[in-house]
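Residue numbers (our numbering): 11 to 465.
We put the CB at the ideal spot given by N, CA and C, even for glycine.
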Ligand code: SAM
Ligand code: SF4
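Set out below in structure tokens:
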């Protein structure tokens, strides 16, 4: 295809945004734009944004703000704000970014090509934040396989109906809606044909997949994806504790391809705070789900999300969270200081926690989890885990003294989602390897291959 110019896409935020950026890239590719890693060389610069926390939103404005000067030098440069901040801000985005050309909301991706054509014919300052029930679908372009040849995200549903009081997602991503199982399976078949061996199915609450559409349940979808040839591993995120069904736990236990890992956000260990967050479960219910999971899948890896410093959270309530973390013994956690989002109800709650205190709680929690992670990793020494090889390890230049400096270090993940580094001259991305764990690092494991086998 003729090259019409260069495009640069900068992605901020979650796995869903990574997936959405691939779709935007496929549209630009179909319009004849090649990707460049250098924004200063690009004719189109897109920032795919995240509005979940204030910091992420500021990053988007600061990234796009950098190109005001480039625009003076190159009046044909097109700058685009896409995704959650675009949806939230609409035309207000021009107040801070007067040089911006397109505000592309979360439900406007199917009209991206049309807007680019309009901008090329001289139109300026287009805003599209129209809601839509349709989930935009395109096949991935070839570039997507170059960047990650082994593992891909696949969004199976959009939006959220849960309205947790701190969260902006229902306001910027709209009501929950699911893709048809047929189009999900078709997309994954294409991925498998192109060498992808692992997929992560994405939704804000995958447990309610298909509930409105009368399609198969999420457990049913997992069975269909497990039937696809040459997909070795299936992961998914995120599960809501209130909707985690026995059916899903059984499917995880029964389907070999579904990895023994669950990301189950708790958010807080205090029942009063959980209620104020509108999470719809108690600490006791969460702990009973963990017991059920461990009874069905003893070697399951568990991770969670936690918010500290939610309005009115007392030190004692924060300590309830620490006690829950100690009790569950998560393999890893993602912890955040609560951030006010003006469209979410909690922004109007009184009793905000002081920023310094929030950061102190966050650091205390992270340090506490670090000791748990390290201990759990050290316990794995001597065990053999199956690793899906992803590529050359970035760790090889940084502290690995177990092998000679010129031995190639590779990296991959265990089914429980532990990062494993190991030396190998023969294993390549997409291979499955049995690795005997010899040592643990704060956030990864180190081992040696027992044998290598291909499927
Ligand atoms: N749907 C998922 C769920 O229910 O857990 C999570 C989606 S959200 C994009 C990812 C994480 O960001 C949440 O689990 C929460 O811990 C965090 N988060 C969301 N809103 C936040 C806020 N206003 N301040 C701090 N962290 C927030
Ligand atoms: Fe946000 Fe709650 Fe929906 Fe997750 S479940 S996206 S935290 S509203």
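How about residue i and residue j: do their beta carbons lie closer than 8 Å?
i, j, result
"residue 46", "residue 22", "no"
"residue 249", "residue 273", "yes"
"residue 122", "residue 37", "yes"
"residue 234", "residue 188", "no"
"residue 400", "residue 423", "yes"
"residue 340", "residue 379", "yes"
"residue 300", "residue 335", "no"
"residue 281", "residue 254", "no"
"residue 343", "residue 316", "yes"
"residue 89", "residue 126", "no"
"residue 420", "residue 402", "yes"
"residue 429", "residue 388", "no"
"residue 160", "residue 398", "yes"
"residue 176", "residue 451", "no"
Hey, how far is the Cα of residue i from the Cα of residue j?
i, j, result
"residue 369", "residue 65", "14 Å"
"residue 142", "residue 118", "8 Å"
"residue 346", "residue 361", "18 Å"
"residue 491", "residue 52", "Residue coverage of the chain in this structure runs from 11 to 465, which leaves residue 491 outside it and unanswerable."
"residue 20", "residue 30", "11 Å"
"residue 278", "residue 371", "12 Å"
"residue 238", "residue 106", "47 Å"
"residue 173", "residue 458", "46 Å"
"residue 354", "residue 332", "26 Å"
"residue 2", "residue 260", "The structure shown does not extend to residue 2, since the chain is modelled only from 11 to 465, so the question has no answer here."
"residue 69", "residue 92", "13 Å"
"residue 112", "residue 42", "19 Å"
"residue 288", "residue 314", "17 Å"
"residue 136", "residue 302", "51 Å"
"residue 326", "residue 283", "11 Å"
"residue 213", "residue 219", "8 Å"
"residue 153", "residue 427", "25 Å"
Is residue i buried or exposed, if buried means 16 or more other CB atoms sit within 10 Å of its CB?
i, result
"residue 460", "exposed"
"residue 330", "buried"
"residue 2", "Residue 2 lies beyond the stretch modelled for the chain, which goes from 11 to 465, so this question has no answer here."
"residue 309", "exposed"
"residue 200", "exposed"
"residue 61", "buried"
"residue 186", "buried"
"residue 443", "buried"
"residue 108", "exposed"
"residue 438", "exposed"
"residue 251", "buried"
"residue 39", "buried"
"residue 434", "buried"
"residue 103", "buried"
"residue 293", "buried"
"residue 144", "exposed"
"residue 286", "buried"
"residue 373", "exposed"
Shorter than 8 Å from the beta carbon of residue i to some beta carbon of chain C?
i, result
"residue 277", "Any reference to chain C falls outside this structure, which holds one protein chain only."
How many whole angstroms separate the CB atoms of residue i and residue j, which I take to be in contact at a CB cut-off of 8 Å?
i, j, result
"residue 170", "residue 425", "Going by Cβ atoms, the distance from residue 170 to residue 425 rounds to 28 Å, so no, they are not a contact pair."
"residue 87", "residue 80", "6 Å"
"residue 191", "residue 226", "6 Å"
"residue 258", "residue 166", "Their Cβ separation, rounded to whole angstroms, is 14 Å, which puts residue 258 and residue 166 out of contact at 8 Å."
Report whether the distance from the Cβ of residue i to the nearest heavy atom of the ligand MN is below 7 Å.
i, result
"residue 217", "Summarising the ligand content, the structure contains the ligand SAM and the ligand SF4 and does not contain the ligand MN."
Assess, as a yes-or-no matter, whether the segment 127 to 135 is touched by the segment 173 to 181 under the definition of 3 or more beta carbon pairs within less than 8 Å. no
Under 8 Å: do the segment 202 to 212 and the segment 241 to 259 share three or more Cβ pairs, one atom per stretch?
yes
Pair every Cβ in the segment 349 to 368 with every Cβ in the segment 316 to 329, then say whether three or more of these pairs are closer than 8 Å.
yes
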